[in-house]
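Residue numbers for the sequence shown, in the working numbering: -4 to 165. Take a look at the structure set out below.
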Amino acid sequence: MTFYTPIPDELKEYIDKWKLKKGSLIMILRSVQDYYGYVPKKICFSLAKELKAPLARIYEVLTFYNYFKTESPGKYKIAVCMGTACYLKGAAAIIKAIEDKLDIKESQATKDGLFSLENVRCIGCCGIAPNMRINEKIYGKLNKERVSEILDEYINLNAGVSSSQEPPIL
Ligand code: FES
C-alpha cells in the first residue's frame, strides 16, 4: 500500500526551490498550511518522500509549534482570545462554554465541519474583553449565554433558518 499523494504543482515548485536549503522545513510546512488551511496527513507522507526526511521529523515540527494545524478547520473558525485582558475577564470560561455547546475541545472541529476552535493571543480589542473572533468577525463582552446565542445564530444560518445574511457583530 502506498500513501503517496501528488503534491499540487504550485506547492511542488516552492518545495523544489527550498528543499535543499538547511532549516527550510518550517517554511515548507507553512506553505503547505497556507495552501490547504492546515497540514493534511496525506501530504506529510508525500513531503517526507520529497524531502528525503523521516516522517517523524515532520511530525516533530508540526506538534512542537502550535501554529501548525493538522486538522481541517471548520467553516466557521472560532478563535477565543486568551490574552491577558481577556483571560482576566473569564476567557477560560468562554472556551469551556464553546467546548460544551459544540462537544469539541480546543484545536478540534465539529464532526459536521461547521466549527473549529482555537485560542489566540490579543486580537486588539482589549476594551471589550473577553472576546472571540469567528472568521473575521469580532464578538466582545462575552458571557456564556451570549456565546450560546451567537453560536445558535451560525447554526441557524447554516440550516437556512435565519433570515439575515450574517449574524450581527457586537
Ligand atoms: S487581550 Fe484579548 S483582545 Fe487584547
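Note that the Cβ used here is the ideal one computed from N, Cα and C, for glycine as well.
Any non-hydrogen atom of the ligand FAD within 7 Å of residue i CB
{"i": "C39", "result": "For the ligand FAD, the structure offers nothing, since it holds only the ligand FES."}
C-beta atoms of residue i and residue j nearer than 8 Å
{"i": "I10", "j": "I23", "result": "yes"}
{"i": "N114", "j": "E101", "result": "yes"}
{"i": "K64", "j": "Y33", "result": "yes"}
{"i": "L146", "j": "K70", "result": "no"}
{"i": "P125", "j": "A92", "result": "no"}
{"i": "Y82", "j": "F40", "result": "no"}
{"i": "M127", "j": "I99", "result": "no"}
Residue range of the unbroken alpha helix (DSSP H) whose run includes residue i
{"i": "R25", "result": "20 to 31"}
{"i": "Y82", "result": "79 to 83"}
{"i": "I93", "result": "86 to 97"}
{"i": "Y54", "result": "50 to 59"}
Proximity test, Cβ basis, 8 Å: residue i and chain C
{"i": "A86", "result": "Here there is only one protein chain, and chain C is not present."}
Endpoints, the beta strand (DSSP E) within which residue i is located
{"i": "L112", "result": "110 to 115"}
{"i": "K72", "result": "71 to 76"}
{"i": "K132", "result": "132 to 134"}
{"i": "I129", "result": "127 to 129"}
CA nearest to the CA of residue i, picked from the options
{"i": "Y132", "options": "A80, I73, T58, L6", "result": "The sequence as given places Lys at residue 132; Tyr does not occur at that position. Closest by alpha carbon: I73."}
{"i": "Q103", "options": "L152, S67, G18, Q28", "result": "S67"}
{"i": "E55", "options": "Q28, I21, A80, Y134", "result": "I21"}
{"i": "C120", "options": "A80, T105, R141, S111", "result": "A80"}
{"i": "L42", "options": "E144, N61, S143, S19", "result": "S19"}
{"i": "V75", "options": "G155, D4, V142, P3", "result": "V142"}
Whole-number beta carbon distance between residue j and residue i, since they are thought to touch under 8 Å
{"i": "D46", "j": "S26", "result": "In the sequence as presented, Asp is not what sits at residue 46; that position holds Leu. With a Cβ gap of about 13 Å, L46 and S26 do not count as contacting."}
{"i": "Y149", "j": "I129", "result": "7 Å"}
{"i": "G78", "j": "R116", "result": "5 Å"}
{"i": "N153", "j": "L109", "result": "6 Å"}
{"i": "K136", "j": "I123", "result": "5 Å"}
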